[in-house]
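This note's numbering applies: residue 447 is where the sequence shown begins, and numbers increase by one.
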Amino acid sequence: MKYLVSSILLLFNFTILSSQEIKGTWKGDLEVQGTKLPLVFNIKQNENKLVSTMDSPMQGAKDIPVTSTTFEKNELVLSIPTMQIHYKGVLKGDKIEGTFSQGQMSLPFTLSRKKDGEAVLKRPQTPQPPFNYNVEDVTFINPVDKNTLTGTLTTPVTKKDFPVVVLISGSGQQNRNCELFGHQSFWVIADDFAK
């Protein structure tokens with residue numbers, strides 16, 4: 447019995463150590479028809495399981511949730527079924543060599559661990575609290591087709607009449623701040639108008 451408990455503890459510790467070596471930020475360039483498309487995977491430990499997100503900086507996509515992240519016997523498998531994305535690779539030192547698939551397309555794809563000290567986007571123009579204006583999350587329900595719309599309302603502290611500006615994002619997946627490459631342009635504009 448004592449050996450069984452020791453074996454289980456050893457296996458548990460190995461699993462934790464194994465997960466620790468895959469945690470971090472991994473990046474690579476996917477070559478699609480002669481064009482390099484940078485992709486980034488951010489892998490973290492959440493309690494006893496791995497969770498991750500994907501960034502596609504050229505497409506302005508950040509923190510796309512990865513549905514399934516597994517790492518066993520040096521093999522990493524990432525999956526985002528809603529986007530038909532699947533990645534399977536083998537950890538070799540500070541690289542993961544594998545295959546990236548989306549739909550019917552499968553391409554070789556190597557990820558490298560992001561090193562400490564690599565460039566990090568700094569966005570000093572992004573508003574930081576405390577704000578000298580009112581900020582309120584709002585929700586509207588369209589009575590015709592029952593869609594729920596949400597947004598952020600920023601208004602001056604003064605009770606005087608003031609003009610209204612509605613900012614609506616264009617095409618593509620973006621958040622309410624129209625975030626692109628870490629720059630939150632709508633948040634910066636709303637901050638300026640509310641002052």
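From the three backbone atoms N, C-alpha and C, an ideal C-beta is built for every residue, glycine too.
Is residue j closer than 9 Å to residue i when the C-beta atoms are compared?
| i | j | result |
| --- | --- | --- |
| Y579 | P602 | yes |
| D501 | V523 | no |
| F555 | G544 | yes |
| F632 | S615 | yes |
| V612 | I635 | no |
| T600 | R622 | no |
| E521 | G506 | no |
Quick one: what does DSSP say residue i is sitting in, helix, strand or coil?
| i | result |
| --- | --- |
| P570 | coil |
| P503 | helix |
| D637 | helix |
| F517 | strand |
| S631 | helix |
| N614 | The sequence shown places Ile at residue 614, rather than the Asn named in the question. Coil, per DSSP. |
| T461 | Legend: pLDDT at T461 = 40, less than 50; position of this residue unreliable, value from coordinates given subsequently. If DSSP states are grouped into helix, strand and coil, T461 belongs with the helices. |
| T604 | coil |
| R622 | coil |
| P575 | coil |
| P609 | coil |
| P589 | coil |
Which residue wins for smallest C-alpha separation from residue i, given the options the options?
| i | options | result |
| --- | --- | --- |
| Q491 | L476, D509, M504 and T516 | T516 |
| Q630 | G539, P573, E467 and V486 | P573 |
| I526 | M551, T499 and G539 | T499 |
| K495 | Q479, K469, A507 and D475 | K469 |
| S558 | V634, P484, F586 and F639 | P484 |
| D583 | P576, L595 and P589 | L595 |
| M529 | P570, G480 and V512 | V512 |
| K519 | K560, P503, L599 and E467 | E467 |
| M504 | V497, K473, L599 and E521 | K473 |
| L553 | L476, T471 and V590 | L476 |
What are the partner residues of residue i, as DSSP defines its beta bridges?
| i | result |
| --- | --- |
| K538 | K541 |
| S498 | I489 and V512 |
| L522 | F517 and G535 |
| G597 | V584 |
| V478 | T481 |
| P554 | T545 |
| K560 | In the DSSP output, where bridge partners are listed per residue, K560 has none listed. |
| K473 | V486 and S558 |
Report whether the distance from the Cβ of residue i to the nearest heavy atom of the ligand HEM is below 8 Å.
| i | result |
| --- | --- |
| S631 | This structure does not include the ligand HEM; it has no bound ligands of any sort. |
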